[in-house]
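Beneath this line is the structure, given in structure tokens, with notes to follow.
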Amino acid sequence: MVAIQCLNHVLLQLSRLFQSASKDGFRRITALALGSMFLCLQVSPVQAQSSPSRPKLVVLLIADQFSYNYIPRYLDKFTSGGIKLLMDRGATFTDCKFANASTQTAVGHSIISTGAYPWATGIVGDDWYDRRKNKPISAVSDEAMKVVGANGTGSSSHFMQGTTIGDQMKLATNGRSKVVTISLEDRSALLLAGKLANGAYWWDTKTGAFVTSAQFGTELAGWAQAFNDTHYADKYLGKPWQRLLPETQYTASTHDDYPHEKGIAGDGKQFPHVITGGANAPGEAYYSAFAMTPWSNQMICDFAKEAIDKENLGLHTDPDMLSISFSAGELLGGAFGPYSQEVEDLTLRLDQSISGLIQHIDQKVGLDNCLIVFTADHGVAPIPEFLKERGMDSSRIDVKNFKTALDSQLDARLGPEDWVESFEPPNLYLNLNAIDRQKYRQPDVEALSAKMAHSIAGVGEVYTAAQFFTNQLPSGPLMDAVRKSYYWGRSGELFVMPRPGHIFISESTGTATGSPYNYDTQVPLIMSGSNVQNGRFGQSSSPADIAPTITTILGIEQPSLCEGRVLTEALSGNSRGR
137 MVAIQCLNHV LLQLSRLFQS ASKDGFRRIT ALALGSMFLC LQVSPVQAQS
187 SPSRPKLVVL LIADQFSYNY IPRYLDKFTS GGIKLLMDRG ATFTDCKFAN
237 ASTQTAVGHS IISTGAYPWA TGIVGDDWYD RRKNKPISAV SDEAMKVVGA
287 NGTGSSSHFM QGTTIGDQMK LATNGRSKVV TISLEDRSAL LLAGKLANGA
337 YWWDTKTGAF VTSAQFGTEL AGWAQAFNDT HYADKYLGKP WQRLLPETQY
387 TASTHDDYPH EKGIAGDGKQ FPHVITGGAN APGEAYYSAF AMTPWSNQMI
437 CDFAKEAIDK ENLGLHTDPD MLSISFSAGE LLGGAFGPYS QEVEDLTLRL
487 DQSISGLIQH IDQKVGLDNC LIVFTADHGV APIPEFLKER GMDSSRIDVK
537 NFKTALDSQL DARLGPEDWV ESFEPPNLYL NLNAIDRQKY RQPDVEALSA
587 KMAHSIAGVG EVYTAAQFFT NQLPSGPLMD AVRKSYYWGR SGELFVMPRP
637 GHIFISESTG TATGSPYNYD TQVPLIMSGS NVQNGRFGQS SSPADIAPTI
687 TTILGIEQPS LCEGRVLTEA LSGNSRGR
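Following our numbering, the numbering of the sequence shown begins with 137 at its first residue and continues without gaps.
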């Protein structure tokens, strides 16, 4: 546009000169014209370089169970090249919250990848009760799709409705874009991948190897198999995990060896953690312990570097996408709680690992050619005893005891039956056959069960399936979150929430996630790179906004069920209208 405007101006001035020029003057004017037009044409490449262009590589980084408050608590100890670099170069959203009430790993990842909530995607939890099989099933279980690279239960993303960011990239480019997802956990990798990804890789704790689903091919990529052949995790067997910094610098955390921490199986509750899992040789016990350490995050980054190099991500004509989920935060955080020295150390080391990954991306693709997004799938509640010691109302609600107590109360009112089939918080499944057999009306039993459940210590609001179906839920933001979490056929007859500060957990140590409260819903959201303005943005946002914002920057269609908004306040002018 600048070049065209320049040429128009030159031609206008020359036309005036030609009208009054002599023969010699005509020659001079002709030379001037050619020179001027040459200079104008040189404007075009410069202008093209200064205009935001579509990123060649989209990198989505998800830290599992990473509360928003980790950023201000640990920021002064972060490196200059990791999370802090993304903040310095990009947009930081300070009021980013999930708008649903069931904050779990599978749910969070599905929202991030599709821009849609459980009421649309059908991903209502990490697990839900399957009445046909009479047992809880995983959100990614699929007997028809074998695990490739190891023996294991089949897994795929077939339960998730709608398309993902990566799916839309594949559709927009006739399959030319490459889409790769990586995680320790199958549900994270698969729900980020969607249906059309080139590969979805997760780490099998039985074998200590990366595997995939037959949904994405019949054998591992050669580079993935070569990585497995290094037996990466085995070299850390018996190695002590020491603090990164002197203990006196862990001022954002409680003292070491806090009594209500669960610890690492076989390796105790205090630094240094000698990682063995109680085993003398590599195997499932050791690999499960290894997964809780900073070394597993580094392994994920090193595997991702191989994917970048061997798949040539970001070096194609069409944009590619790499999605990485760091699962150690949930595995370790559930055992030690968000105010532990272990979680602080894990987070500081994750920042270092991300810094190394960013350096690799810069060398291979160039940060100016990338869009990097950092967020989390959910936060986490503090350990209940930690809150009680500070005068706050908090408790553990034992899942098994809750189910038994409710069953007993229903027995006393309705007669002896197994009234509760399963409780997969927040979803409670009643025995519909028993209700029919005793000739009760299901809405009546639901209402009675809800009243009884609400009376149990620590339990907050309880809603029934009948209330969802008849649109009789109360109004308000919390109710909107509850509505967005319910999917007919997978959600239970009761939707049971704990009171703030209380958690559903069967263990007497550690903590849990899953509530609609800020400690579970508020997460970081940082976008850095192509088409993103630098700054802090306080407007209300959600991880559901990631999908429509990325697809808008790419100039492609949003995922099919997308509900989030485009974060236009942080986009450069050109990308807003793409």
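For every residue, glycine included, the Cβ atom is placed at its ideal position computed from N, Cα and C.
Legend entry - Nearest-angstrom beta carbon gap, TYR475 and PRO518 [assumed within contact, 8 Å]: 6 Å
Inset, instruction - Give the single residue among TYR372, PHE426, ASN364 and THR685 whose Cα lies nearest to the Cα of GLU442. - result: ASN364
Legend entry - For THR241, the nearest candidate out of LYS271, ARG267, ASP543 and ALA199 (CA to CA): It is ALA199.
Legend entry - GLY700 versus CYS232 - alpha carbon distance: 12 Å
Legend entry - Spatial neighbours of LYS342 in its chain, beta-carbon cut-off 6 Å, leaving aside the 5 residues before and after: GLU420
Inset, instruction - Grab the span of the alpha helix (DSSP H) containing LEU468 for me, first residue to last. - result: 464-472
Inset, instruction - Just grab the DSSP bridge partners of LYS271 for me. - result: ASP266
Legend entry - Euclidean distance between Cα positions of GLY353 and VAL284: 8 Å
Legend entry - Stretch pair the stretch 205-222 + the stretch 490-506: three plus CB contacts closer than 8 Å: yes
Legend entry - ASP340 - containing beta strand (DSSP E), residue span: Per DSSP, ASP340 belongs to the beta strand (DSSP E) from 335-340.
Legend entry - Complete beta strand (DSSP E) runs within the stretch 398-478 (minimum length 3 residues, chain order): 456-462
Inset, instruction - Consult DSSP for GLY671 and reduce its assignment to one of helix, strand or coil. - result: strand
Inset, instruction - State buried or exposed for LYS271, treating a residue as buried only when at least 16 other CB atoms are found within 10 Å of its CB. - result: exposed
Legend entry - Exposed unless 16 or more other CB atoms sit within 10 angstroms - verdict on ASN416: exposed
Inset, instruction - Ignore the nearest five residues each way along the sequence and tell me which others in GLN297's own chain have a CB closer than 6 Å to its CB. - result: THR257 and GLY258
Legend entry - Simplified DSSP state of VAL598, which is helix, strand or coil: strand
Inset, instruction - Name the residue from ALA648, ILE497, ASP543 and ALA360 whose alpha carbon lies nearest to the alpha carbon of GLY665. - result: Comparing Cα positions, the closest option is ILE497.
Legend entry - From GLN351, ASN670 and PRO552, residue whose alpha carbon lies closest to that of GLU279: GLN351
Legend entry - In chain order, each beta strand (DSSP E) run of at least 3 residues that lies wholly inside the stretch 547-624: 556-560, 563-566 and 595-600
Inset, instruction - Return the first residue and the last residue of the alpha helix (DSSP H) that HIS715 is part of. - result: For the chain, the structure presents residues 137 to 714; residue 715 sits outside this window and is missing.
Inset, instruction - Check whether the Cβ of SER678 sits closer than 7 Å to any heavy atom of the ligand PLP, and report yes or no. - result: Although the ligand PLP was asked about, the structure shown includes no ligands whatsoever.
Inset, instruction - Could you spell out where the beta strand (DSSP E) holding ARG532 opens and where it closes? - result: Element bounds for ARG532: 531-533.
Legend entry - Under the three-state DSSP convention, the category GLN694 falls into: coil
Legend entry - Contacts around ILE273, its chain only, beta-carbon distance under 6 Å, and the 5 residues preceding and following it disregarded: Cβ within range, chain order: ASP266.
Legend entry - Own chain residues within Cβ distance below 6 Å of GLY302, not counting five before or after: VAL315, GLY330, ALA333 and MET457.
Inset, instruction - Determine, using beta carbons only, whether ILE662 and THR215 come nearer to each other than 8 Å. - result: no
Legend entry - Completely contained alpha helix (DSSP H) runs for the stretch 284-323, where each covers 4 or more residues: 301-308
Legend entry - Contact under 8 Å by Cβ, ASP554 with ASN563: no
Legend entry - Per-residue burial, LEU170 [other beta carbons within 10 Å of its own, 16 or more giving buried]: Its pLDDT being 38, under 50, LEU170 is placed unreliably in this model, and the value from its coordinates should be taken loosely. When all chains shown are included, LEU170 counts as exposed.
Legend entry - Meets three-Cβ-pair contact criterion under 8 Å: the stretch 648-655 and the stretch 502-518: The answer is yes - the stretch 502-518 touches the stretch 648-655, with three or more Cβ pairs under 8 Å.
Legend entry - Endpoints, alpha helix (DSSP H) assigned at THR257: 254-257 is the extent of the alpha helix (DSSP H) around THR257.
Inset, instruction - Check whether the Cβ atoms of LEU328 and SER459 sit closer than 8 Å, and answer yes or no. - result: Yes. Within cutoff.
Legend entry - Bridge partner(s) assigned by DSSP for PHE346: TRP339
Legend entry - Entirely enclosed alpha helix (DSSP H) segments - the stretch 624-668, minimum 4 residues: 654-657
Inset, instruction - Within the same chain, show all residues whose beta-carbon is closer than 7 Å to that of GLY414, passing over the 5 residues directly before and after it, in chain order. - result: These residues qualify, in order along the chain: ALA401, GLY402 and ALA421.
Legend entry - the stretch 611-621 / the stretch 542-549 touching (three or more Cβ pairs under 8 Å): no
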